[in-house]
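Q: In this text, residue positions in the sequence shown follow numbering that gives the first Met the number 0: the first is 0, and each later residue adds one. Ideal Cβ positions, reconstructed from N, Cα and C, are used throughout, including at glycine.
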Amino acid sequence: MSRALLEIQHLDKHFGGLHVLKDINISVAQGEIVGILGPNGAGKTTLFNLITGFIPADEGHVSFRGHSLRKMKSNAIVGLGVARTFQLCRPFVGLTVLENVLVGSLGPRVKSDDLGQRAMDLLDQVGLLAKAHTPSELLSYGDLRRLEIARALATDPELLLLDEPFAGLGSSEIEALSTLIRQLHKEQKLTILLIEHRLREFMQLVSRVVAIDFGEVIAEGSPVDIVNNPRVIEAYIGKQNPLSPSHDA
Ligand SMILES: Nc1ncnc2c1ncn2[C@@H]1O[C@H](COP(=O)(O)OP(=O)(O)OP(=O)(O)O)[C@@H](O)[C@H]1O
Ligand SMILES: [Mg+2]
């Protein structure tokens, strides 16, 4: 069995009296697309914040390629090859789209001789080339989501954490972004952790799902297993099957 790329063991987090993550254990192998599923407030974004060093855990360990991420600052974790996008897009206001991507290129992993061309190639890949010189604050919501991904890719990650990349997008934009995520996985061999509430598209993308409710892992398995799991149906999915074509989440 291959060694895990990302190993999360006994992770625990409180915010004051609120126990937000409870003894979370998740192992992600290289090349997987793992979905994190759960209702609003379940603790999904907090999990990403702990993995990426934005906030410290109370207990437990996260390791990436065998390196403990405990006590590492978020920039150092990016330097190891872990990148994320945010649920709420956060462009560097006052910078153009291209400049935003260039900032992402400044980390230690990027060895290119021509950072400008590399950034333009990334914008081309996410469909933003024509807007390279647009101030980022003028982008539409869908384009901001693409910029988030381009900035994350600019750091040359091995593991990409996507926090609700489809939120607020229309069907055609979601389709285009799903295609991009598949390409990143297949062609660039990225391992991906995906949080998303658009269930049909989510289930079509992921190879495995970890379902969380009230900060606890309540189920883990293939998309088919998860949509038929009674605890997940009760906590989140309801009676409709998101794998059926008629479902519109
Ligand atoms: N920095 C913080 N300080 C205090 N409470 C927080 C903080 N961040 C999150 N919480 C609380 O922790 C719980 C989990 O929040 P989190 O954002 O991780 O949920 P989520 O699963 O990502 O939900 P959603 O699907 O709505 O994005 C919520 O009750 C939230 O209000
Ligand atoms: Mg969230």
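Specify the secondary structure class of P134 as computed by DSSP and reduced to three states.
A: Taking the first residue of the sequence shown as 1, we reach residue 134 at position 135. Strand, per DSSP.
Q: If contact is defined by three or more beta carbon pairs under 8 Å, each pair taking one atom from either stretch, is the region 55-70 in contact with the region 206-214?
A: No: fewer than three Cβ pairs fall under 8 Å.
Q: Are L161 and D142 close, meaning C-beta to C-beta below 8 Å?
A: The residue you call residue 161 lines up with position 162 of the sequence shown. The residue you call residue 142 lines up with position 143 of the sequence shown. Not closer than 8 Å, so no.
Q: Can you look up L193 in the DSSP assignment and give me helix, strand or coil?
A: As a working mapping, residue 193 is identified with position 194 in the sequence shown. In the structure shown, L193 sits in a strand (DSSP, three-state: E or B).
Q: Once DSSP output is grouped into helix, strand and coil, what is the label at A166?
A: The residue given as residue 166 occupies position 167 in the sequence shown. Correct three-state label for A166: coil.
Q: Who are the Cβ neighbours of V223 in its own chain at under 8 Å, not counting the five residues just before and after it?
A: Position 224 of the sequence shown, counted from the first residue, corresponds to residue 223. So the list reads L242, once near-sequence residues are dropped.
Q: State buried or exposed for S111, treating a residue as buried only when at least 16 other CB atoms are found within 10 Å of its CB.
A: In the sequence shown, counting from the first residue as 1, residue 111 sits at position 112. Exposed is the call here.
Q: Need the endpoints of the beta strand (DSSP E) that L36 sits in, please.
A: Counting from one through the sequence shown, the residue named residue 36 turns up at place 37. Unbroken beta strand (DSSP E) run through L36: 32-36.
Q: With ligand 1 as the reference, list in chain order each residue whose Cβ lies under 5 Å from any of its heavy atoms.
A: F14, V19, N39, G40, A41, G42, K43, T44, T45
Q: Once the 5 residues before and after L101 are set aside, which same chain residues still bring their CB inside 8 Å of it?
A: The residue labelled residue 101 in the question sits at position 102 within the sequence shown. For L101, where only same-chain residues beyond five positions count, the Cβ hits under 8 Å are L114, G115, A118, A153.
Q: What are the residues that DSSP puts in a beta bridge with D155?
A: To locate residue 155, count along the sequence shown from 1; it is residue 156. DSSP lists no beta-bridge partner residue for D155.
Q: Taking DSSP as the reference, what is the three-state secondary structure of V96?
A: To locate residue 96, count along the sequence shown from 1; it is residue 97. Helix, per DSSP.
Q: Measuring alpha carbon to alpha carbon, tell me which of L97, G106, F47, V92 ends up nearest A75.
A: Here the question's residue 75 lines up with position 76 in the sequence shown. Out of L97, G106, F47, V92, G106 has the C-alpha closest to the C-alpha of A75.
Q: What residue from L87, V92, G65, D155 has the CA that sits closest to A28's CA?
A: Reading the sequence shown from its first residue, position 29 is the one you call residue 28. The residue among L87, V92, G65, D155 with its C-alpha nearest the C-alpha of A28 is G65.
Q: Less than 8 Å between the C-beta atoms of V96 and L146, yes or no?
A: Here residue 96 corresponds to residue number 97 of the sequence shown, with the count starting at 1. Here residue 146 corresponds to residue number 147 of the sequence shown, with the count starting at 1. Cβ atoms of V96 and L146: closer than 8 Å.
Q: Three or more C-beta pairs closer than 8 Å, one from the region 166-186 and one from the region 8-28: is that the case here?
A: Contact fails: fewer than three Cβ-Cβ distances are below 8 Å.
Q: Taking the alpha helix (DSSP H) that N74 falls in, what are its first and last residues?
A: Position 75 of the sequence shown, counted from the start, is the residue given in the question as residue 74. Segment 73-79, the alpha helix (DSSP H) holding N74.
Q: What number of angstroms, rounded off, separates the C-alpha of K72 from the C-alpha of F47?
A: By 1-based counting over the sequence shown, the position of residue 72 is 73. By 1-based counting over the sequence shown, the position of residue 47 is 48. Cα to Cα, K72 sits roughly 14 Å from F47.
Q: If L193 sits next to A82, beta carbons under 8 Å apart, how far is it from one beta carbon to the other, in whole angstroms?
A: Within the sequence shown, the letter at position 194 stands for residue 193. Within the sequence shown, the letter at position 83 stands for residue 82. With a Cβ gap of about 13 Å, L193 and A82 do not count as contacting.
Q: Per DSSP, A149 forms a beta bridge with which residues?
A: Reading the sequence shown from its first residue, position 150 is the one you call residue 149. Beta-bridge pairing links A149 to no other residue.
Q: If I follow the unbroken alpha helix (DSSP H) through D224, where does it start and stop?
A: Taking the first residue of the sequence shown as 1, we reach residue 224 at position 225. It spans 222-226 - the alpha helix (DSSP H) in which D224 sits, taken as one unbroken run.
Q: I need the straight-line Cα distance from P38 to G78, nearest angstrom please.
A: In the sequence shown, counting from the first residue as 1, residue 38 sits at position 39. In the sequence shown, counting from the first residue as 1, residue 78 sits at position 79. Cα to Cα, the separation comes out at about 31 Å.
Q: Closer than 7 Å: is that where the CB of I194 sits relative to any heavy atom of ligand 2?
A: Here residue 194 is taken as the residue at index 195 of the sequence shown, counted from 1. Checking every heavy atom of ligand 2 against the Cβ of I194, one is found closer than 7 Å.
Q: Tell me which same chain residues have a C-beta within less than 7 Å of the C-beta of I173, skipping the five on either side of it?
A: Here residue 173 refers to the residue found at position 174 when the sequence shown is read from its first residue. Within its own chain, the residues whose Cβ lies closer than 7 Å to the Cβ of I173, once the five positions on either side in sequence are excluded, are F165, R197, E200, listed in chain order.
Q: For I54, count the other beta carbons within 10 Å of its own beta carbon; 16 or more makes it buried, fewer makes it exposed. Which is it?
A: Indexing the sequence shown from 1 puts residue 54 at position 55. It counts as exposed.
Q: E31 and T133: beta carbons closer than 8 Å?
A: Working through the sequence shown from its first residue, we reach residue 31 at position 32. Working through the sequence shown from its first residue, we reach residue 133 at position 134. Going by beta carbons, E31 and T133 fall outside the 8 Å limit.
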